[in-house]
Structure formats: C-alpha cells, structure tokens
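Undergrad: Handing you a structure now.
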Amino acid sequence: MKKILSFLILFLAISCNENKDRQENNPVLSFQNQIIQEGLTGSNAAMIFKNGKVIYNQIANSSAMGDKDIDGETIFAIHSMSKAVTTVAMMILLDKELYDLNDNLSKYLPEYENINCKGDDGIYPCKNKLKIIHLLTHRSGYTYYARSGKNWLTTTYTDLYPDYINTSRFNNLDDFSKAVAKIPLDFEPGSMYTYGLNQAILGRLIEVISGQSFYSFLNENIFEKLGMSETKFHLTDEERERLQPLRVNIKPNTAFNSSDYNLSGYTAALDGYSYLKENKAHFGGEGLVSTMKDFAKFCEMLVNNGNYNGVQIVSKKGIEIMTSKYSNAYPDPNEPNAFPDLEGYYYGFTFSVLEKPELDGTGAPKGIYGWSGYHNTHFWIDPENKLFGLFMSRAIEFDFSILSRFKKASYQLID
Numbered sequence: 004m005k006k007i008l009s010f011l012i013l014f015l016a017i018s019c020n021e022n023k024d025r026q027e028n029n030p031v032l033s034f035q036n037q038i039i040q041e042g043l044t045g046s047n048a049a050m051i052f053k054n055g056k057v058i059y060n061q062i063a064n065s066s067a068m069g070d071k072d073i074d075g076e077t078i079f080a081i082h083s084m085s086k087a088v089t090t091v092a093m094m095i096l097l098d099k100e101l102y103d104l105n106d107n108l109s110k111y112l113p114e115y116e117n118i119n120c121k122g123d124d125g126i127y128p129c130k131n132k133l134k135i136i137h138l139l140t141h142r143s144g145y146t147y148y149a150r151s152g153k154n155w156l157t158t159t160y161t162d163l164y165p166d167y168i169n170t171s172r173f174n175n176l177d178d179f180s181k182a183v184a185k186i187p188l189d190f191e192p193g194s195m196y197t198y199g200l201n202q203a204i205l206g207r208l209i210e211v212i213s214g215q216s217f218y219s220f221l222n223e224n225i226f227e228k229l230g231m232s233e234t235k236f237h238l239t240d241e242e243r244e245r246l247q248p249l250r251v252n253i254k255p256n257t258a259f260n261s262s263d264y265n266l267s268g269y270t271a272a273l274d275g276y277s278y279l280k281e282n283k284a285h286f287g288g289e290g291l292v293s294t295m296k297d298f299a300k301f302c303e304m305l306v307n308n309g310n311y312n313g314v315q316i317v318s319k320k321g322i323e324i325m326t327s328k329y330s331n332a333y334p335d336p337n338e339p340n341a342f343p344d345l346e347g348y349y350y351g352f353t354f355s356v357l358e359k360p361e362l363d364g365t366g367a368p369k370g371i372y373g374w375s376g377y378h379n380t381h382f383w384i385d386p387e388n389k390l391f392g393l394f395m396s397r398a399i400e401f402d403f404s405i406l407s408r409f410k411k412a413s414y415q416l417i418d
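The sequence shown lines up with residues 4 to 418 when you count with the numbering used here.
If you want it as structure tokens, here you go:
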C-alpha cells in the first residue's frame, strides 16, 4: 500500500511539473497569465487559427474575488471590434453596387447637407462635402465627444464612455444621426484622420440604403450565414449572467481618474449601453456583444477572403478595398491624430494594416490587419500565413500593448 501511495505521489508530482513546464514554455499562455498578474486584465481567453484549424485555444482565469471564470459560453462586450462588422456590412452593399464610395452622405441622410466645421475664427459652413468614404476611413471630422463637447479621446475627462454613444439618450439610429449632424466637424471632411463615431453613423446609412433595420441587415447578411447566434446588441437576463465582469484598473492622476489613488476591482455596473431588446440605437462602432466562438467565425471568414464554408459573405475585392491605404501611419506631421501605439500601421476602412514590420517588432509580416475594442478585445488577420489571432477580456484602461504582446507571443509559438 505504501508503495502504491508513493508511486501516486511521485506520478502527481511529475504531472504537475510537466504541466508547469508546458505553461512556462508556451509563450502565449505565459503572456495570458502575466497580464493577469500585472493587473492589466482579469480572466482572459486567446485563440490562434492557422491553415484551416485552431492551433491554440486557451483560457487563463484569475480566480480573483469579483471576477468570473471564462468558459465557452462567456459573453464579451466587443465595443470597437463592432466597427469591423459594420465595415464588412458596408462592403456587402458595395458589392451589390447600391452606393458609391464617393457619394455625398447627404444623398441618403439629408441632415448632413449643411454641416459646419470648426476653424480658428469659430464655426463656419464646411467647404468640402462629407462623403461616405470619409466615414469609412475616419476622415470625416467627427470624433468621440465628452459631455463638454471636447474630444473625448484627448481631453482630461471623467466620463468612462463618450457622449452620443448612449442608449439612455437615444432609442434609434435616426434620432442619433440627426443629433450628430448638428455637431461642427473638427476639420474639413477628408483632410485628416481622427478616430470617432463614424461607424455608428454608417449603421443609420445601412438602414436607409438597405431598407432594413441595421440589426436585421447584419443578421441576414453576416450573423446567420456565419452561425454567429451569440453576436447581438441586446441581452436577455440569462445572457447577462454570462457577460464577463469588467476589470477596472485605472492609474491615479490620469484622464479617467483625477484622484491620487488607483481605481481597481471588478464590476458589472460600468457599461455605456443598456443592452435592452426594446432599444433600437444599435451603434455599429461600439454596441455589439459576442463570444469567442462567434467572433472566431467572423475572423475565419476574413482569413478566407470573405468565404465561410463555401458561402461568399463579402467579395475578395471588398476586402482589398477596405484594407487599402487611406491614412498614413504614425508618425506623420499631416496625420497628428494617428495612434502612436500603432507605429508602422497605416489605416484602411476601420482597420490598421501593417506596412513596416521593422517598426512593429512583433514578428508579424507585412499586410496583417485588424482592430481592437475598448474593453481590451483584440484581433488581427494574417493573410500571408492564413492565420488569425483573437483575444477576449473585459478590462479598462485600454492598452494597445496587450495586442502587441499577444502578437509577439503568437509568432514565437508558430515559429
């Protein structure tokens, strides 16, 4: 009996050591655990897909008080990864030749006919017409706004979520669009890049062009064809139980936290959206929730040039158009609002596209493209390696370094 017990203890010890070695030798799993230890996220999940199959799919749970263990049913607020979905929806309409990229927005949404711009001497009627392509490329002049009216992204503010992108303020996209049209643009349409609420406006444009509600169009043309049944703008009571809690880790004396104390913990309360089924303000740049499994299908479709299980969702040409270069990478004196954390990446329609791998330093090849969400959800598509990487968590403050570290670990893993 003693021999059997000794053997079992030895076997368990060897198994534990082997498991520890596997974790330590796996750069992606090490990365996942490290960012939990650093407080950047709570529980998180990572997936890598290459050459038609998932080669890595792991969850790292924090076991912290207030956090929840992630599983296959966990729902995440994907925020600005919604922009990628809306952009594909616009490409589907372009494939059908239902609009032209250089159409004036006012052709479909007349509230944008007589818009104003901000200048050194005050507000004046814009000289340039606002075109659809300006929204797709974030060159419209619209940004995200604090309640003060200033740029939410660059101003010291106390609001965790931008004004206007607010389901307690708007119940439909028509009212939202008409309210936004009254805001003076930060600059002449088409003159420079600045990140903003453009895809939320595009949601309303899709309604007018298609004759459907925005959500119905997404369901019919993307979600149902991909089997993305968990990707939506609303949550039932049961689904709210599956929504991952938000990890808050906000440094003192920063934009969101003017105090001298770190804000840290988990909450189910801090969100910008009601997720109520009766609310129809479905923001195409910010409002979707999804699961790991669902969004992986969207990524797989992009890897396969718009095709999923033999069904062409969007044309290869559409993907080429939306990943072409429309705004230069940081640093560029003509693009003062480009993201410094995305050095070497130019901007397409929503997506950042790697142009100079030597500046990126992650091991990723030229031509990868992707985007991220406010609560630290991240993805990228690698056409050369027929690969995608997908990372899901719920944590603020947002940190681009999570994406770059995930990429670096992923390319180490597949090397």
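Note that CB positions come from ideal geometry on N, CA and C, so glycine has one too.
Along the chain, where does the alpha helix (DSSP H) that runs through residue 85 open and close?
TA: Unbroken alpha helix (DSSP H) run through residue 85: 85-98.
Undergrad: Just confirm the distance between the C-beta atoms of residue 347 and residue 358, as a whole number of angstroms; I'd bet it's less than 8 Å.
TA: Contact flag correct, Cβ pair sits at about 6 Å.
Undergrad: Which residue comes first and which comes last in the alpha helix (DSSP H) that contains residue 437?
TA: Since the first and last residues shown for the chain are 4 and 418, residue 437 lies out of range.
Undergrad: For residue 201, count neighbouring C-beta atoms within 10 Å of its own C-beta (all shown protein chains included) and say buried if the count is 16 or more, exposed if not.
TA: Per the 10 Å Cβ criterion, buried.
Undergrad: Do residue 321 and residue 97 have their CB atoms nearer than 9 Å?
TA: Yes, they are a contact pair.
Undergrad: Could you tell me the distance, in whole angstroms, from the CA atom of residue 133 to the CA atom of residue 182?
TA: Approximately 16 Å, taken between the alpha carbons.
Undergrad: For a quick check, are the C-beta atoms of residue 184 and residue 166 less than 9 Å apart?
TA: Not a contact, by the Cβ cut-off of 9 Å.
Undergrad: Would you mind sorting residue 40 into buried or exposed? The rule is 16 or more other CB atoms within 10 Å of its CB.
TA: Classification for residue 40: exposed.
Undergrad: Thinking C-beta only, is residue 299 closer than 9 Å to residue 50?
TA: Their beta carbons are under 9 Å apart, which means residue 50 touches residue 299 by this criterion.
Undergrad: On the DSSP bridge list, what partners appear for residue 315?
TA: DSSP output for residue 315 lists 310 as bridge partner(s).
Undergrad: Among the residues of its own chain, which have a CB less than 6 Å from the CB of residue 192, if the five just before and after it don't count?
TA: Taken in chain order, the residues that qualify are 131, 133, 137, 143 and 144.
Undergrad: May I have the straight-line CA-CA distance separating residue 111 from residue 204, to the nearest angstrom?
TA: Straight-line Cα distance between these residues: approximately 12 Å.
Undergrad: Can you list, in chain order, the residues of its chain with a C-beta nearer than 6 Å to that of residue 54? Leave out the 5 residues immediately preceding and following it.
TA: These residues qualify, in order along the chain: 389.
Undergrad: What first and last residue would you give for the alpha helix (DSSP H) that runs through residue 58?
TA: Careful: residue 58 lies outside any alpha helix (DSSP H), inside the beta strand (DSSP E) at 56-63.
Undergrad: Which word fits residue 272, buried or exposed, when buried means at least 16 other C-beta atoms lie within 10 angstroms of its C-beta?
TA: It counts as exposed.
Undergrad: For residue 250, name the three-state secondary structure that DSSP assigns.
TA: Reduced to three states, the DSSP call for residue 250 is strand.
Undergrad: What's the C-alpha gap between residue 315 and residue 309?
TA: Cα-Cα distance, rounded: 6 Å.
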